[in-house]
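Q: Please see the structure below; I have some questions.
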Amino acid sequence: MQTMNYRKYTQELLFSLGINHRFKSCEYFISSIEFIHTQKKYVIPDSEMIYSYVAAKYNVAPVAVENGMRNTIQCIWTTKADVDLMRTIFGSYNLEKRPCNMEFLMLFYNYINTLINAVQRYLGVYAGFGCDTDKSNIVFLYHLFVISIAFNRSI
Numbered sequence: 010m011q012t013m014n015y016r017k018y019t020q021e022l023l024f025s026l027g028i029n030h031r032f033k034s035c036e037y038f039i040s041s042i043e044f045i046h047t048q049k050k051y052v053i054p055d056s057e058m059i060y061s062y063v064a065a066k067y068n069v070a071p072v073a074v075e076n077g078m079r080n081t082i083q084c085i086w087t088t089k090a091d092v093d094l095m096r097t098i099f100g101s102y103n104l105e106k107r108p109c110n111m112e113f114l115m116l117f118y119n120y121i122n123t124l125i126n127a128v129q130r131y132l133g134v135y136a137g138f139g140c141d142t143d144k145s146n147i148v149f150l151y152h153l154f155v156i157s158i159a160f161n162r163s164i
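Number 164 marks the last residue of the sequence shown (the working numbering); no jumps.
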């Protein structure tokens, strides 16, 4: 799946968790998820790799990326804007304890990746009916994603 989809779905999920896309740390998360997606085939990136990549992209220090992400996670955990969605995304993780940046990123990435893989499986069935999946792929995926958030459940 294209990196663009990871960008859009990361932004949608963060917004659903109460994080406005105008926050700089929202862009840090989006870039981190994209980076994890592109690197995961070769190696699971560690925090230094992620912070360095994002810092270079936004011309800031790696510590600024780390702190921005930590503050955003703290905001999500403090407000608990949508506890059901948090349970869906983070599974059996204890919601009483705020995860570290890497735990959050990996749980978040795994949720988005699982969702996108499920939709790809459905699109395979959808293509079997002779539908034009090239045009409908992104639209269908987006609507299924929004519906899953609306009902606070994963596919």
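All C-beta atoms in this analysis are idealised placements derived from N, C-alpha and C, irrespective of residue type, glycine included. Given the structure is predicted, the values throughout are model-derived calculations rather than measurements.
For ILE85, I'd like the list of residues in its chain whose CB is within less than 7 angstroms of its CB, leaving aside the five on either flank, ordered along the chain.
A: Within the same chain, ILE85 has close Cβ partners LEU26, GLY27 and ILE28.
Q: Between the beta-carbon of LEU114 and the beta-carbon of ILE53, is there less than 8 angstroms?
A: Cβ atoms of LEU114 and ILE53: not closer than 8 angstroms.
Q: From what residue to what residue does the alpha helix (DSSP H) around ILE53 run?
A: Per DSSP, ILE53 belongs to no alpha helix (DSSP H) and is neither H nor E.
Q: Tell me, please, whether the stretch 30-47 touches the stretch 66-80 by the rule of three or more beta-carbon pairs shorter than 8 angstroms.
A: With a cut-off of 8 angstroms, the stretch 66-80 and the stretch 30-47 count as touching, because enough Cβ pairs lie within range.
Q: Please classify HIS46: does DSSP put it in a helix, a strand, or coil?
A: Three-state DSSP puts HIS46 in a helix.
Q: Helix, strand or coil, according to DSSP, for ASN109 in the structure here?
A: In the sequence on display, residue 109 carries Cys and not Asn. Correct three-state label for CYS109: coil.
Q: Taking PRO108 as the reference, which of ILE82, LYS33, GLU21 and ILE59 has the closest Cα?
A: Looking at the Cα atoms, ILE82 is the closest of the given residues.
Q: For my contact list, LEU22 and CYS35 are in at a C-beta cut-off of 8 angstroms; report their separation, rounded to the angstrom.
A: That pair is no contact at about 11 angstroms.
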